[in-house]
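Participant: Take the sequence shown: its letters are residues 1 to 160, numbered as in full-length UniProt numbering. For glycine and all other residues, C-beta sits at the position ideal for the given N, C-alpha and C. Given the structure is predicted, the values throughout are model-derived calculations rather than measurements.
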Amino acid sequence: MPAVTKPANQKGDFLVDYEQKVFEDVKAAPGEKALVTFHTVAFEGSIGLVNLLQASRLIAKGFETSVLLYGPGVTLGVQRGFPKLGDEAFPGHQNYTARIEKIIADGGKVYCCRFALQALYGHGEGALIHGIIPISPLDVLDVVLLHRRDNAFILDTWTL
1 MPAVTKPANQ
11 KGDFLVDYEQ
21 KVFEDVKAAP
31 GEKALVTFHT
41 VAFEGSIGLV
51 NLLQASRLIA
61 KGFETSVLLY
71 GPGVTLGVQR
81 GFPKLGDEAF
91 PGHQNYTARI
101 EKIIADGGKV
111 YCCRFALQAL
121 YGHGEGALIH
131 GIIPISPLDV
141 LDVVLLHRRD
151 NAFILDTWTL
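1) Using only the alpha-carbon positions, how far apart do glycine 73 and threonine 5 sit?
2) With a Cβ-Cβ cutoff of 8 Å, do isoleucine 100 and leucine 52 count as a contact?
3) Are three or more beta carbon pairs between the stretch 102-113 and the stretch 41-49 nearer than 8 Å?
4) From Cys113, Gly77, Asn151, Ile59, pick the residue whose C-alpha is nearest to that of threonine 97; which is it?
5) Whole angstroms is fine: what's the gap from valine 36's alpha carbon to glycine 86's?
6) Can you name the start and end residues of the alpha helix (DSSP H) that serine 56 belongs to?
7) Please go through the same chain and pick out, in chain order, the residues whose beta-carbon is closer than 8 Å to the beta-carbon of tryptophan 158, but skip the five residues on each side of it.
8) Give the straight-line distance between the Cα atoms of phenylalanine 23 and leucine 145, rounded to the nearest whole angstrom.
9) Out of Ile103, Asp13, Leu120, Phe115, state which residue places its alpha-carbon closest to the alpha-carbon of glycine 131.
10) Just to confirm before moving on: does the CB-CB distance between glycine 62 and lysine 21 stay below 8 Å?
11) If you count every other CB in all the chains shown that lies within 10 Å of the CB of isoleucine 133, and 16 or more means buried, which is it?
12) On the DSSP bridge assignment, give the partners of threonine 37 in chain order.
13) According to DSSP, which residues form a beta bridge with tyrosine 18?
14) Buried or exposed, going by whether 16 or more other CB atoms sit within 10 Å of the CB of alanine 89?
Set out below in structure tokens:
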């Protein structure tokens with residue numbers, strides 16, 4: 001059996017070169033838009049949080065950014081907590097809420113499909129994080145088409 005002679009990793013070690021940037025740091029031209037869509041369930045995987053972080057990066061790059069929560073994606077936008085709404089039951093429990101609130105505070109818009117909210121998940125508009133804009137299910141396709149018409153960057157997120 002070969003002996004391992006490399007010292008164990010230590011807290012504070014760098015394992016990769018995180019400072020090297022390979023590609024140009026793209027910024028939005030004036031008026032450029034972005035849309036990030038979510039058809040994913042909260043806490044069922046990392047993509048919900050990862051792409052909310054992407055939405056924040058798009059805002060920081062100057063894109064007029066919108067987020068669309070539809071289907072199971074509406075679960076990202078409901079208030080949660082335990083034992084009371086807003087309480088963090090475990091570390092990271094409020095990550096979605098905090099990120100959505102930041103997106104809205106930074107000028108992004110967050111839309112939520114009313115059909116999925118009520119018919120699929122049994123919530124009303126009062127369950128939404130403050131600042132989320134409820135929309136008709138007939139608006140779900142139109143918000144995508146409007147962004148397409150405006151040559152927006154569209155990041156679609158689907159999980160089952």
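Facilitator: On the basis of the supplied data:
1) The count along the sequence shown starts at 1 and reaches residue 73 at position 73. The count along the sequence shown starts at 1 and reaches residue 5 at position 5. Going from the Cα of glycine 73 to the Cα of threonine 5 covers about 48 Å.
2) The sequence position of residue 100 within the sequence shown is 100, counting from 1. The sequence position of residue 52 within the sequence shown is 52, counting from 1. A contact, by the Cβ cut-off of 8 Å.
3) no
4) Position 97 of the sequence shown, counting from 1, holds the residue named residue 97. When only C-alpha atoms are compared, the closest one is Gly77.
5) Here residue 36 corresponds to residue number 36 of the sequence shown, with the count starting at 1. Here residue 86 corresponds to residue number 86 of the sequence shown, with the count starting at 1. In a straight line, the C-alpha of valine 36 is about 25 Å away from that of glycine 86.
6) By 1-based counting over the sequence shown, the position of residue 56 is 56. It spans 47-60 - the alpha helix (DSSP H) in which serine 56 sits, taken as one unbroken run.
7) The sequence position of residue 158 within the sequence shown is 158, counting from 1. The answer, listed in chain order, is His39, Thr40.
8) Locating residue 23 in the sequence shown gives position 23, where the first residue counts as 1. Locating residue 145 in the sequence shown gives position 145, where the first residue counts as 1. So the two alpha carbons sit approximately 29 Å from each other.
9) Walking along the sequence shown from the start, residue 131 turns up at place 131. The alpha carbon of glycine 131 has as its nearest neighbour, out of Ile103, Asp13, Leu120, Phe115, the alpha carbon of Ile103.
10) Stepping through the sequence shown from its first residue, residue 62 is reached at position 62. Stepping through the sequence shown from its first residue, residue 21 is reached at position 21. No; because the gap between Cβ atoms is not below 8 Å, this pair is not in contact.
11) Taking the sequence shown and counting its residues from 1, one reaches residue 133 at position 133. Classification for isoleucine 133: exposed.
12) The residue given as residue 37 occupies position 37 in the sequence shown. Threonine 37 pairs with Leu68, Asp156.
13) Translated into positions along the sequence shown, residue 18 becomes position 18. Bridge partners of tyrosine 18: none, in fact.
14) Locating residue 89 in the sequence shown gives position 89, where the first residue counts as 1. Burial call: exposed.
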